[in-house]
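Before any comments, here is the structure.
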Amino acid sequence: MVDDDRPAREEDVHELALAMPHVTIERLHGDNPVYQVGRKSFVFFRNPRPDAVDPETGERYRDVIVFWVPSEADKLALVQDEHSPFFTTPHFDGHLSVLLRASRVGELSRRELAEVVQDAWLCRASPRRAADWLAAHPAG
């Protein structure tokens with residue numbers, strides 16, 4: 055049995071993404087996995103890029119994970135919460151996604167991470183797949 059209240063781990067991102075139905079994994083650039091549903095990415099491990107850097111050293115973050123979100127309001131709720139480990143960069147302006155460093159994933163519980171992964175999947179899955187999943191997993 056999984057303790058959903060424990061701090062999340064990087065492995066949980068992989069497990070939770072793979073637990074969603076109809077998921078495939080692509081490896082487009084190097085070994086970083088891209089989790090997709092219906093050929094649409096919903097979670098991926100990003101390669102180091104110049105827009106996500108350590109403010110003190112200028113070094114590129116090597117552990118950035120991208121999660122799709124349902125709306126701009128959802129994105130803002132995650133990145134503007136001062137207690138949230140989620141962030142964004144100007145590169146992602148207008149893009150319905152949030153970023154999370156793997157080194158900070160433990161600031162979330164496994165349950166919170168599961169909700170983010172499930173929401174990412176739901177907003178990228180086809181309407182029928184999303185409806186089927188929601189019917190099988192009623193809130194509550």
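Counting from 55, one number per residue, gives the positions in the sequence shown under our numbering.
Heads up, the beta-carbon is just placed ideally off N, CA and C, and yes, glycines get one too.
Note that the coordinates shown come from a computational prediction; the quantities given were computed from them, not determined experimentally.
| Item | Value |
| --- | --- |
| Who are the Cβ neighbours of residue 175 in its own chain at under 7 Å, not counting the five residues just before and after it? | 74, 91, 96 |
| Return the first residue and the last residue of the beta strand (DSSP E) that residue 123 is part of. | Segment: none, residue 123 is in no beta strand (DSSP E) and carries neither H nor E. |
| Sort out for me which residues DSSP pairs residue 157 with in a bridge. | In the DSSP output, where bridge partners are listed per residue, residue 157 has none listed. |
| According to DSSP, what are the bridge partners of residue 89? | 79, 97 |
| Just the Cα atoms here: how many angstroms apart are residue 128 and residue 109? | 25 Å |
| Which of the three DSSP states, helix, strand or coil, is assigned to residue 165? | helix |
| Considering Cα atoms alone, identify which of 111, 113, 79 is closest to residue 98. | 79 |
| Pick helix, strand or coil for residue 140, following the three-state DSSP scheme. | coil |
| Give the DSSP bridge partners of residue 180, in chain order. | Partner(s): none; residue 180 has no beta bridge. |
| In the DSSP assignment, find the alpha helix (DSSP H) that holds residue 73 and state where it starts and stops. | 64-73 |
| Residues in its own chain within less than 7 Å of residue 94 by CB, not counting five upstream and five downstream? | 178 |
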